[in-house]
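Engineer:
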Amino acid sequence: MNFEIGIFSLGEVVPDPVTGTRPDSRQRLRDIIEQAEAAERAGLTVIGVGENHGTDVVAASPVVLLSAIAGRTHLLRLTTAVSVLTAGDPVRLYEQIAMLDNISGGRAELIVGRGASQRVLRALGLEQQEHDALFEEKLRRLLTLRETSPPTFAGPLARDGVELELEPRPLQPCLPIWLGSSGTPASVARAGALGLPLALLRTHGPFAGAVPVVAAYRRALEASGRDVGTPVGLNVPGFVARTPAQARELSHPYFAAGARSHGPVGPADPRWSREEYDRECGPDGTLVVGDVDEVVAKIVAQQRALGHQRLLLRMDAGGVPHHLVLESITLLGAEVVPRVRAALG
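Counting from 1, one number per residue, gives the positions in the sequence shown under full-length UniProt numbering.
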């Protein structure tokens with residue numbers, strides 16, 4: 001089977017939990033580009049950049065960063081992970097991703113989602129909107145842009161009958177657009193009804209909880225007359241080191257700091273205590289963290305449980321030091337990926 005393995009980043013610039021220093025934003029951007037180059041050299045197939053806004057991230061515009069990566073790579077698929085469609089403009093996003101697709105020689109993809117913090121929505125004047133309906137309308141507009149030329153817009157976001165010719169069109173005949181979801185029933189049903197690939201975003205919890213989510217997605221595809229073989233992707237935190245203890249000790253302070261920067265996670269939150277973190281790294285947890293043997297076993301077990309076609313690992317979560325991320329990427333490509341592909345046939 002064609003099982004893709006890659007990495008993604010949210011570009012956090014939170015204070016280093018070990019040294020207490022705050023990363024330089026410009027250096028953080030350069031690090032992400034270098035990590036993409038390392039991923040290509042290691043034989044990985046996808047690089048993703050997530051969108052977020054505020055003082056603790058540098059990836060406010062994933063397409064801009066992916067364009068820089070496109071100029072330094074030749075084979076990697078380039079995807080947003082995710083684009084927050086609720087807070088954006090679908091026409092501008094489509095124009096930007098079409099340009100990236102042409103610049104990169106047809107390697108661009110989108111993962112779109114509705115998640116945005118109340119702070120960001122408030123800053124954009126969207127806090128009073130009905131967010132699910134807003135996302136639905138923007139998503140349909142984005143799909144209209146992909147599927148028709150020139151598209152004709154109708155609905156709350158445009159005057160009926162408005163046509164808009166966009167250039168350049170994407171190089172790929174059908175630009176891949178995935179729907180990113182943490183597993184909520186509404187978003188999974190939406191992805192299935194529209195026939196969009198599902199990118200399942202998980203950060204913690206028993207991995208068994210992902211199985212009924214994907215099963216519900218397959219049922220939604222079938223009920224809508226869509227292809228039940230439409231791809232599923234899995235985006236999770238991951239880290240590889242030479243020993244299990246080293247992998248956990250190096251990654252835990254940073255993964256916990258990253259979690260606290262993105263949500264209401266206090267210092268005493270049991271989800272990110274060391275004891276709970278070790279459980280998450282175990283066979284039944286979500287995190288793909290360990291030595292080569294552990295990571296191979298976990299990736300294979302997760303794929304056999306879900307049947308997904310793509311895995312993206314967030315290796316720099318919370319600002320894991322750049323040199324450690326590069327070492328982890330090298331191990332992933334050189335020692336994990338060949339064994340996973342052999343095991344999955």
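Built from N, CA and C at the ideal position, the CB exists for glycine as well.
Note that the structure is predicted; figures quoted are calculated from it, not measured.
1. Whose C-alpha, out of 36, 273, 209, is nearest the C-alpha of residue 67?
2. Using 10 angstroms around the beta-carbon of residue 198, count the other beta-carbons present and answer buried if the total reaches 16, otherwise exposed.
3. Throw me the rounded Cβ distance for the residue 33 and residue 312 pair, which I believe falls under 8 Å.
4. From residue 89 to residue 45, what distance separates their C-alpha atoms?
5. Here's a check: name, in chain order, each residue in its chain whose Cβ is nearer than 6 Å to the Cβ of residue 138, leaving out the five neighbours to either side.
6. Under the three-state reduction of DSSP, which class applies to residue 314: helix, strand or coil?
7. Can you find at least 3 beta carbon pairs, one from the segment 224-242 and one from the segment 279-297, that sit closer than 8 Å?
8. For residue 210, count neighbouring Cβ atoms within 10 angstroms of its own Cβ and tell me buried if that reaches 16, exposed if not.
9. Comparing alpha-carbon positions, which option in 60, 185, 252 lies nearest residue 10?
10. Looking at the structure shown, is residue 3 part of a helix, part of a strand, or coil, going by DSSP?
11. Quick one: what's got a C-beta closer than 7 Å to residue 135's C-beta in the same chain, skipping five residues either side?
12. Buried or exposed, going by whether 16 or more other CB atoms sit within 10 Å of the CB of residue 141?
13. Who does residue 108 pair with in a DSSP beta bridge?
14. For residue 48, which of 293, 92, 24, 78 has the nearest alpha-carbon?
15. Could you give the distance in angstroms between the alpha-carbon of residue 71 and the alpha-carbon of residue 275?
16. Could you pull out every residue in the same chain whose Cβ sits closer than 8 Å to the Cβ of residue 227, ignoring the five residues on either side in sequence?
17. From which residue to which residue does the alpha helix (DSSP H) around residue 239 run?
18. Where does residue 167 fall in DSSP's three states?
19. Roughly how many angstroms separate the alpha carbons of residue 170 and residue 96, rounded to a whole number?
20. On the criterion of 16 or more Cβ atoms from any shown chain inside 10 Å, does residue 319 qualify as buried, or is it exposed?
21. What is the DSSP secondary structure of residue 67, counted as helix, strand or coil?
22. Bridge partners of residue 200, per DSSP?
23. Taking the straight line between their C-alpha atoms, what separation do you get for residue 253 and residue 296?
24. Rounded to the nearest angstrom, what separates residue 307 and residue 50 at their Cα positions?
25. Would you mind working out which of 232, 2, 303 sits nearest residue 183, comparing C-alpha positions?
26. Can you give the Cα-Cα distance for residue 75 and residue 92, rounded to whole angstroms?
27. Assign residue 31 to buried or exposed, taking buried as 16 or more other Cβ atoms, counted over all protein chains shown, within 10 Å of its Cβ.
28. Return the Cβ separation of residue 175 and residue 56 in integer angstroms, given the expectation that the two are a contact with Cβ distance under 8 Å.
29. Have a look at 164, 335, 341, 206 and flag the residue whose alpha-carbon is nearest the alpha-carbon of residue 277.
Structural biologist: According to the data block:
1. The sequence position of residue 67 within the sequence shown is 67, counting from 1. Of the candidates 36, 273, 209, the one whose C-alpha sits nearest the C-alpha of residue 67 is 36.
2. Residue 198 sits at position 198 when you count from the first residue of the sequence shown. The residue in question, residue 198, is buried, as its Cβ has 16 or more Cβ neighbours within 10 Å.
3. Taking the first residue of the sequence shown as position 1, residue 33 is located at position 33. Taking the first residue of the sequence shown as position 1, residue 312 is located at position 312. The pair is not a contact, with the Cβ atoms about 17 Å apart (cut-off 8 Å).
4. In the sequence shown, residue 89 corresponds to position 89, counting from 1. In the sequence shown, residue 45 corresponds to position 45, counting from 1. One C-alpha to the other measures close to 28 Å.
5. As a working note, residue 138 is residue 138 in the sequence shown. Here the set comprises 85, 90.
6. Residue mapping note: residue 314 aligns to position 314 of the sequence shown, counting from 1. DSSP places residue 314 in strand when its eight states are reduced to three.
7. yes
8. Counting from 1 along the sequence shown, the entry for residue 210 is found at position 210. Per the 10 Å Cβ criterion, buried.
9. By 1-based counting over the sequence shown, the position of residue 10 is 10. Looking at the Cα atoms, 60 is the closest of the given residues.
10. To locate residue 3, count along the sequence shown from 1; it is residue 3. Residue 3 falls in the coil class under three-state DSSP.
11. Looking up residue 135 in the sequence shown gives position 135. Contacts found: 85, 86, 114.
12. Translated into the one-based positions of the sequence shown, residue 141 becomes position 141. Around the beta-carbon of residue 141, 16 or more other beta-carbon atoms lie within 10 Å, marking it buried.
13. In the sequence shown, counting from the first residue as 1, residue 108 sits at position 108. Answer is 78.
14. Numbered from its first residue, the sequence shown carries residue 48 at position 48. Of 293, 92, 24, 78, the residue nearest in Cα terms is 78.
15. Residue mapping note: residue 71 aligns to position 71 of the sequence shown, counting from 1. Residue mapping note: residue 275 aligns to position 275 of the sequence shown, counting from 1. So the alpha carbons of these two residues sit roughly 42 Å apart.
16. Start at 1 with the first residue of the sequence shown, and residue 227 comes out as number 227. The answer, listed in chain order, is 195, 221.
17. Residue mapping note: residue 239 aligns to position 239 of the sequence shown, counting from 1. Counting along the chain, residue 239 falls outside any alpha helix (DSSP H), though it belongs to the beta strand (DSSP E) covering 232-240.
18. In the sequence shown, the residue the question calls residue 167 occupies position 167. DSSP places residue 167 in coil when its eight states are reduced to three.
19. Sequence index remark: in the sequence shown, residue 170 carries index 170 (1-based). Sequence index remark: in the sequence shown, residue 96 carries index 96 (1-based). Going by the C-alpha atoms only, they are around 10 Å apart.
20. Here residue 319 refers to the residue found at position 319 of the sequence shown. With 16 or more other Cβ atoms within 10 Å, it is buried.
21. By one-based count along the sequence shown, residue 67 stands at place 67. Helix at residue 67.
22. Your numbering for residue 200 matches position 200 in the sequence shown. DSSP, once it has assigned bridges, lists 181, 234 as partnering residue 200.
23. Counting from 1 along the sequence shown, the entry for residue 253 is found at position 253. Counting from 1 along the sequence shown, the entry for residue 296 is found at position 296. Each residue's Cα considered, the two are about 23 Å apart.
24. On the sequence shown, residue 307 is found 307 positions in, with the first residue counted as 1. On the sequence shown, residue 50 is found 50 positions in, with the first residue counted as 1. Roughly 24 Å separates the two Cα atoms.
25. Working through the sequence shown from its first residue, we reach residue 183 at position 183. Nearest C-alpha to residue 183: 232.
26. Counting from 1 along the sequence shown, the entry for residue 75 is found at position 75. Counting from 1 along the sequence shown, the entry for residue 92 is found at position 92. Rounded to the nearest angstrom, the two C-alpha atoms are 25 Å apart.
27. Here residue 31 is taken as the residue at index 31 of the sequence shown, counted from 1. Buried, since its Cβ has 16 or more Cβ neighbours within 10 Å.
28. Translated into positions along the sequence shown, residue 175 becomes position 175. Translated into positions along the sequence shown, residue 56 becomes position 56. The C-beta distance from residue 175 to residue 56 rounds to 30 Å, too long to fall under 8 Å, and the pair is not in contact.
29. As a working mapping, residue 277 is identified with position 277 in the sequence shown. When each option's Cα is compared against that of residue 277, the closest is 206.
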